[in-house]
Amino acid sequence: MNGRTWKWALITTPLVLSVSACVGWGGYPPAKNVRESQLVGTWHARKCDTTVTLNPDGSASATGIPTEMEFDHKVTHRVSGDGTWGIGEFSGEQQLEVAVEVQAASYSRLLVDFDLYRDKGRLLVALTIGDPDSDNRCILTKQSKTAGNTPTAGQ
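Counting from 2, one number per residue, gives the positions in the sequence shown under this note's numbering.
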């Protein structure tokens, strides 16, 4: 490698690393400055058959949240129930926190943390099931702007 190539490598490598550090899962950047009003409504993940409804008063309803998934993305355990929600923070990034009351032998309240991303300005809610390196994720998209509305055909 000549001197010019080395200079180019030394300049571009830190740039590439700094850009990749700003990108979240799937190439989506983490969402910033998310307000609760942006999350109110019904969110659904078709792949995981999961629906979460977030009400303006902080109450929530969840159906089919996967808690265990095989490496082939087959869901082996789900929870459903009513509870509460809010915006929290982990490692400097905002996240959606949903606490669901469940009927289970080992616990009665399950706290589920969802990551928040943006895709071309659209807010995405992502749930990682198990080990983050396993790539078992459900991406929920907003189906209605207000809680209690039924999604329209084609959504």
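We treat Cβ as the ideally placed atom computed from N, Cα and C, and that holds for glycine.
Give me the Cβ distance between residue i and residue j, rounded to the nearest whole Å; I'm assuming they're in contact under 8 Å.
i	j	result
Y118	P57	Going by Cβ atoms, the distance from Y118 to P57 rounds to 23 Å, so no, they are not a contact pair.
A127	F115	6 Å
V53	L125	The Cβ separation is near 13 Å, so there is no contact.
Look at the alpha carbon of residue i and the alpha carbon of residue j, and state the distance between them as a whole number of angstroms.
i	j	result
S109	K143	27 Å
D83	S60	8 Å
R1	K146	Here the chain has residues from 2 to 156 only, and residue 1 is not among them.
K75	L40	27 Å
A63	F72	24 Å
S135	S38	32 Å
G65	C49	8 Å
N137	I88	22 Å
Q104	G93	33 Å
T77	G131	12 Å
T85	R79	18 Å
T51	L111	15 Å
R47	C139	8 Å
H45	K33	21 Å
In the DSSP assignment, find the unbroken beta strand (DSSP E) run with residue i in it and report its ends.
i	result
E102	94-102
G42	42-46
V35	Per DSSP, V35 belongs to no beta strand (DSSP E) and is neither H nor E.
What do you get for residue i, buried or exposed, if any count of 16 or more other CB atoms within 10 angstroms of its CB means buried?
i	result
P67	buried
G28	exposed
L55	buried
R36	exposed
G42	buried
L1	Shown here, the chain extends from 2 to 156; a query on residue 1 therefore has no answer.
Determine the extent of the alpha helix (DSSP H) in which residue i is found, giving its start and end residues.
i	result
E71	Taken as a continuous stretch (DSSP letters only), E71 belongs to no alpha helix (DSSP H), as it is neither H nor E.
With a floor of 3 residues, list each beta strand (DSSP E) that falls wholly inside the segment 108-152, ordered by position along the chain.
-> 110-120, 123-129, 138-145
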